[in-house]
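Novice:
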Amino acid sequence: MSAATDSAAAPTAETPILELRNVSKRFVKPLDAAAKIANVFGAGLKDEIVHAVDDVTMTVADGEVVGLVGESGCGKSTLGRVVAGVHPATSGTVLFRGRKLSTQSAAEARDTALKVQMIFQDPMSSLNPRLRVQDIVGEAPRVHGLVDAKGMEDYVAEMLTRVGLDPSYARRYPHQFSGGQRQRIGIARALAVNPDFLVCDESVAALDVSIQAQVLNLFMQLREQFNLTYLFISHDLGVVEHLSDRVVIMYLGRVVETARTEDIFTSANHPYTQALLAEVPRLDTRKRKFVPVKGEIPSPLNPPPGCHFHPRCPHATERCRVEQPLLKEIAPGRWSACHLNDGA
Amino acid sequence: MANSDVPTLEVRNLQTHFFTRAGVVKAVDDVSFAVRPGEILGLVGESGSGKTVTGFSILGLVDEPGRVVDGEMLYKGENLVNASDERMRQLRGNNIAMIFQDPMMTLNPVLRIDTQMIEAIQAHENVSRAEAWERSRAALQQVGIPAAEERLKSYPHQFSGGMRQRVAIAIALLNKPDLIVADEPTTALDVTIQGQILYEVQKLCEETGTAMIWITHDLSVVAGLADEICVMYAGRVVEHGSVDAVLDNPTHPYTHGLINSVPSRNKRGQPLSQIPGMTPSLLNLPPGCPFKTRCPRVGPDCEVTPEITHPVVGRDVRCHYPVPAGEDAARAGATASPEVTA
Ligand SMILES: Nc1ncnc2c1ncn2[C@@H]1O[C@H](COP(=O)(O)OP(=O)(O)OP(=O)(O)O)[C@@H](O)[C@H]1O
Ligand SMILES: Nc1ncnc2c1ncn2[C@@H]1O[C@H](COP(=O)(O)OP(=O)(O)O)[C@@H](O)[C@H]1O
Ligand code: SF4
Ligand code: SF4
Ligand SMILES: [Mg+2]
Ligand SMILES: [Mg+2]
Numbered sequence: 001m002s003a004a005t006d007s008a009a010a011p012t013a014e015t016p017i018l019e020l021r022n023v024s025k026r027f028v029k030p031l032d033a034a035a036k037i038a039n040v041f042g043a044g045l046k047d048e049i050v051h052a053v054d055d056v057t058m059t060v061a062d063g064e065v066v067g068l069v070g071e072s073g074c075g076k077s078t079l080g081r082v083v084a085g086v087h088p089a090t091s092g093t094v095l096f097r098g099r100k101l102s103t104q105s106a107a108e109a110r111d112t113a114l115k116v117q118m119i120f121q122d123p124m125s126s127l128n129p130r131l132r133v134q135d136i137v138g139e140a141p142r143v144h145g146l147v148d149a150k151g152m153e154d155y156v157a158e159m160l161t162r163v164g165l166d167p168s169y170a171r172r173y174p175h176q177f178s179g180g181q182r183q184r185i186g187i188a189r190a191l192a193v194n195p196d197f198l199v200c201d202e203s204v205a206a207l208d209v210s211i212q213a214q215v216l217n218l219f220m221q222l223r224e225q226f227n228l229t230y231l232f233i234s235h236d237l238g239v240v241e242h243l244s245d246r247v248v249i250m251y252l253g254r255v256v257e258t259a260r261t262e263d264i265f266t267s268a269n270h271p272y273t274q275a276l277l278a279e280v281p282r283l284d285t286r287k288r289k290f291v292p293v294k295g296e297i298p299s300p301l302n303p304p305p306g307c308h309f310h311p312r313c314p315h316a317t318e319r320c321r322v323e324q325p326l327l328k329e330i331a332p333g334r335w336s337a338c339h340l341n342d343g344a
Numbered sequence: 001m002a003n004s005d006v007p008t009l010e011v012r013n014l015q016t017h018f019f020t021r022a023g024v025v026k027a028v029d030d031v032s033f034a035v036r037p038g039e040i041l042g043l044v045g046e047s048g049s050g051k052t053v054t055g056f057s058i059l060g061l062v063d064e065p066g067r068v069v070d071g072e073m074l075y076k077g078e079n080l081v082n083a084s085d086e087r088m089r090q091l092r093g094n095n096i097a098m099i100f101q102d103p104m105m106t107l108n109p110v111l112r113i114d115t116q117m118i119e120a121i122q123a124h125e126n127v128s129r130a131e132a133w134e135r136s137r138a139a140l141q142q143v144g145i146p147a148a149e150e151r152l153k154s155y156p157h158q159f160s161g162g163m164r165q166r167v168a169i170a171i172a173l174l175n176k177p178d179l180i181v182a183d184e185p186t187t188a189l190d191v192t193i194q195g196q197i198l199y200e201v202q203k204l205c206e207e208t209g210t211a212m213i214w215i216t217h218d219l220s221v222v223a224g225l226a227d228e229i230c231v232m233y234a235g236r237v238v239e240h241g242s243v244d245a246v247l248d249n250p251t252h253p254y255t256h257g258l259i260n261s262v263p264s265r266n267k268r269g270q271p272l273s274q275i276p277g278m279t280p281s282l283l284n285l286p287p288g289c290p291f292k293t294r295c296p297r298v299g300p301d302c303e304v305t306p307e308i309t310h311p312v313v314g315r316d317v318r319c320h321y322p323v324p325a326g327e328d329a330a331r332a333g334a335t336a337s338p339e340v341t342a
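Going down the list, the protein sequences come from chains A and B.
The working numbering puts the first residue of the first sequence at 1, with every later residue one more than the last.
The working numbering puts the first residue of the second sequence at 1, with every later residue one more than the last.
Encoded structure:
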């Protein structure tokens, strides 16, 4: 695939803040005890390999909000974790401001790790229940020398204020807060190390609608204030549409379509994107006739050959069953991986 | 479906309270609604607003320290509040079924699906094993599970989350209940799987006249599925009417706020309209309207708990200063015209 070099040289000119070139992440699911015993008797079973992220190429421009969408298990969180440096890619290249993560010096790598922060879905399990808010928020900046013991209290107060929490909450523990407040603590913790890039993984999914709006507004306000770039992972297309400049759609580990948000929502190209959008419940669509997409989401352990979507695709042909469609630029800034675009 | 039909279920002034050591939690506090054959009622509200406890009350599943303390629940005219445990067991799974958010509330992890389904049928009907098996197979097929014969031999853990929920739904449908209470059954599922389930549910209500109470926090799902909507806040129904009327012309400030905070209702990239503050704890709720600390229309009367009024025909609203049609909810309550609040 040539998407990486093409898009890097394309109109945006400046070096993207993040670039992924043919990034894959594979997990090996070891054999269970029963299978091991079976092997003793010559069953010849092998470890199962999950292609959680399969040859993904994409860029994120400085200051951009990119929405990452797809059904559960398609690899969104894994991709997010690779970007945030939580785990290394199995193959491929991750570049942060044009520098390869794998070739950075130890000091540079530490700096990059701070510049990319991750915010999770479940605000409770991502906060250490035994630490006070002041330690949750203040620990990383202290360890990394961004603030000394003397300035700590003011620093934490400043961070809490940024996310709309009363600084007097600093001495409380996580369980003493509501879901929305806990999510704000998670955001304050991330902001405390002055990041440039936030990977938000389903960060509002666990929140009630009215609280969700508060947190989304906070994300947008922080973006302006601190010139942040976001990779915003969500299965909620309404949220993604509202927030993102560009949308990346994944299906079973692969990127199947990427385009500007307006383009995705007005004229999706890929049959999977179209199916997904058709299923999104909308406030304005009343007493609609639901027409189900056929089939289950296949197991990532054993994805269908050719185009992964072919068992569910209404347009599938013989070619789709055997040949993997590559991600191609079908119009300026629009990429899609479907054989239909070849007129076949 | 004709509105003149006798309601399948009519809930009148239901009160379900929990008597905890810390005090009384009025989880359901004077809730009324009705569902008729073939009709789908959407019960909407944020977490903790009392949706699940309402559902559990109908099924007679509320446990200590909780109790239905007042009101009536008329199933085809029979008051379930007075029903014996024996009678409730008879009705559950036969005439009235519940689909839980977590399908494992329905499924037994150590039994094969066929065993569970056949038992569910034979518990209420005197049919042969072969006939019960055939009905189970048909029910799985109906909810879109491929290779139903094969799948009947599986255990719950061999299914994906979406499939498990569909099996739970198939079990709820087995005895062709007249009433189904579905508590956020698709909240944890992907949209394409949710679409498949909504399709089955809609078909069922249309074809068999089953009445359904669909509990969710997602207004958009209710918009596409339901005929009527009840919006709950802090244990009370604050607005009730037809889906079209309520969503197009909400009169309660909370309903207004909820609708306006849905991202698709806002201009892309602009700040979302938001409801300030958070839901109050139901423990020892202070007197007055429970929404008063978050309400843009709050006025002097709001210190008194609002009773139900009908500011628009066919609408139940609990608010001293309902929003007049076409007006922005943010206008102060004190300026609301008197004929609207009458
Ligand atoms: N153990 C506690 N000690 C002190 N304050 C608490 C405690 N638990 C909750 N609070 C406070 O009570 C208020 C309400 O919290 P609660 O957790 O009940 O919110 P909630 O409405 O249930 O939110 P959500 O449903 O979004 O989680 C918050 O201001 C919170 O900080
Ligand atoms: N067993 C219980 N003991 C005490 N309070 C309870 C119990 N079950 C539910 N509640 C309270 O009842 C209220 C309504 O709960 P629920 O019906 O589960 O809300 P929803 O389904 O709308 O999210 C909440 O305040 C909840 O804390
Ligand atoms: S490549 Fe074929 S199967 Fe895949 S989305 Fe396109 S038409 Fe459908
Ligand atoms: S106007 Fe008063 S009664 Fe109506 S919702 Fe607001 S606070 Fe409650
Ligand atoms: Mg995830
Ligand atoms: Mg609930």
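In this text, a Cβ means the ideal position worked out from N, Cα and C, and glycines have one as well.
Here the structure is a predicted model, which is why all the values come from computation and not from measurement.
(1) Would the C-beta of B:T52 count as close to ligand 6, meaning under 6 Å from any of its heavy atoms?
(2) Which residue comes first and which comes last in the beta strand (DSSP E) that contains A:G67?
(3) Near ligand 5, which residues have their beta-carbon closer than 6 Å to a heavy atom?
(4) Measuring alpha carbon to alpha carbon, tell me which residue in B:N126, B:S160 and B:I213 is nearest B:T8.
(5) Across which residues does DSSP place B:I308 in a beta bridge pair?
(6) Determine the contact status of B:G42 and B:V222, defining contact as a CB-CB distance below 7 Å.
(7) Report the residue from B:S264, B:Y321 and B:G269 whose alpha carbon sits nearest the alpha carbon of B:K292.
(8) Per DSSP, what kind of secondary structure is A:K328 in: helix, strand or coil?
(9) Is A:L101 close to chain B, meaning its C-beta is less than 7 Å from at least one C-beta of that chain?
(10) Report, in whole angstroms, the separation of the C-beta atoms of A:I233 and A:L68, which I expect to be a contact under 8 Å.
(11) So, B:A170 versus B:L198, is the Cβ gap smaller than 7 Å?
(12) Starting from B:Y75, follow the beta strand (DSSP E) in both directions and report where the run begins and ends.
(13) Can you check DSSP and say which residues form a bridge with A:Y230?
(14) Report the residue from B:D301, B:L59 and B:Q101 whose alpha carbon sits nearest the alpha carbon of B:N82.
(15) Of the residues B:S47, B:G48, B:M105 and B:L61, which one's Cα is nearest the Cα of B:M88?
(16) Taking the beta strand (DSSP E) that A:Y272 belongs to, which residues open and close that run?
(17) Is it true that the CB of A:K25 sits closer than 7 Å to the CB of A:V53?
(18) Chain A partners of B:I259, CB-CB under 9 Å?
(19) Count the other CB atoms within 10 Å of the CB of B:S128; is the residue buried (16 or more) or exposed (fewer)?
(20) Considering only the alpha carbon of each residue, which of B:K26, B:E10, B:N126 and B:N95 lies closest to B:T208?
(21) Between which two residues does the alpha helix (DSSP H) carrying B:A223 extend?
(22) Using a C-beta cutoff of 7 Å, does B:S184 count as contacting chain A?
(23) For the structure I just gave you, are there three or more beta carbon pairs, one from the region 187-196 of chain B and one from the region 28-35 of chain B, closer than 8 Å?
(24) Under a Cβ-count criterion, where at least 16 other Cβ atoms within 10 Å of its own Cβ denotes burial, should B:V167 be classed as buried or exposed?
(25) Name the DSSP bridge partner or partners of A:K25?
(26) Going by the C-beta, is A:L340 closer than 6 Å to any heavy atom of ligand 8?
(27) Which stretch, first to last residue, makes up the alpha helix (DSSP H) that contains B:A139?
(28) If the cut is a Cβ gap below 9 Å, which residues of chain B does A:G180 touch?
(29) Within the 7 Å Cβ cut-off, does A:S125 reach chain B?
(30) Since B:K26 is in the beta strand (DSSP E), which residue starts that stretch and which ends it?
(31) Around the C-beta of A:R110, are 16 or more other C-beta atoms found within 10 angstroms, so that it is buried, or is it exposed?
(32) Is A:M250 helix, strand or coil by DSSP?
(33) Output, in sequence order along the chain, the residues in the region 197-217 of chain A whose CB is closer than 7 Å to any CB in chain B.
(34) Would A:T55 be called buried (16 or more neighbouring beta carbons within 10 Å of its own) or exposed?
(35) So what does DSSP say about B:P338, is it helix, strand or coil?
(36) So with Cβ pairs under 7 Å, would you call B:Y155 a contact of chain A?
Specialist: Looking at the coordinates:
(1) Because some heavy atom of ligand 6 lies under 6 Å away, the Cβ of B:T52 counts as near it: yes.
(2) A:G67: member of the beta strand (DSSP E) spanning V65 to V69, first to last residue.
(3) Going by the Cβ distance cut-off, the answer is A:K76, A:S77, A:D201 and A:E202.
(4) In terms of CA proximity to B:T8, B:I213 leads the group B:N126, B:S160 and B:I213.
(5) DSSP lists B:R318 as partners of B:I308.
(6) Yes, these two residues count as a Cβ contact at 7 Å.
(7) Closest in alpha carbon position to B:K292, among B:S264, B:Y321 and B:G269, is B:Y321.
(8) DSSP places A:K328 in the strand class (E or B) of the three-state scheme.
(9) For A:L101, the nearest beta carbon of chain B is not closer than 7 Å to its own beta carbon.
(10) About 5 Å; that satisfies the 8 Å criterion.
(11) No, the pair does not count as a contact, with Cβ atoms beyond the cut-off.
(12) G66 to Y75 is the span of the beta strand (DSSP E), which, as asked, contains B:Y75.
(13) According to DSSP, which records beta bridges pairwise, A:Y230 is partnered with A:V65 and A:L198.
(14) B:N82 has its Cα closest to that of B:L59, out of B:D301, B:L59 and B:Q101.
(15) Closest option to B:M88, Cα to Cα, is B:L61.
(16) Counting along the chain, no beta strand (DSSP E) covers A:Y272; the unbroken alpha helix (DSSP H) around it starts and ends at P271 to E279.
(17) Yes. Within cutoff.
(18) Near B:I259 (Cβ distances below 9 Å), the residues of chain A are L283.
(19) Exposed, because fewer than 16 other Cβ atoms sit within 10 Å of the Cβ of B:S128.
(20) Here the closest residue by C-alpha is B:N95.
(21) Counted as a single uninterrupted DSSP element, the alpha helix (DSSP H) harbouring B:A223 occupies residues L219 to L225.
(22) In the sequence under discussion, the amino acid at residue 184 of chain B is Glu, which differs from the Ser named in the question. The beta carbon of B:E184 does not come within 7 Å of any beta carbon belonging to chain A, so the residue lies off that interface.
(23) Verdict: no, contact absent.
(24) B:V167 counts as buried, since at least 16 other C-beta atoms from the protein chains shown sit within 10 angstroms of its C-beta.
(25) A:V53.
(26) Among the ligands present in this structure, namely ligand 1, ligand 2, ligand 3, ligand 4, ligand 5 and ligand 6, ligand 8 is not found.
(27) Start and end: R129 to Q142.
(28) Chain order gives the chain B residues near A:G180 as M278, where near means a beta carbon separation below 9 Å.
(29) Under the Cβ criterion of 7 Å, A:S125 is not counted among the residues facing chain B.
(30) Per DSSP, B:K26 is one residue of the beta strand (DSSP E) stretching across G23 to V35.
(31) With fewer than 16 other Cβ atoms within 10 Å, it is exposed.
(32) Looking at A:M250 - three-state DSSP - the assignment turns out to be strand.
(33) Answer in chain order: D208, V209, S210, I211, A213, Q214, L216 and N217.
(34) It should be pointed out that residue 55 of chain A corresponds to Asp in this sequence rather than to Thr. Residue environment: A:D55 is assigned as buried (16 or more neighbouring CB atoms within 10 Å of its CB, all protein chains considered).
(35) Confidence is the limiting factor: at B:P338 the pLDDT is only 38, short of 50, which leaves the residue's position unreliable and the question unanswerable from this model.
(36) No, no contact with chain A.
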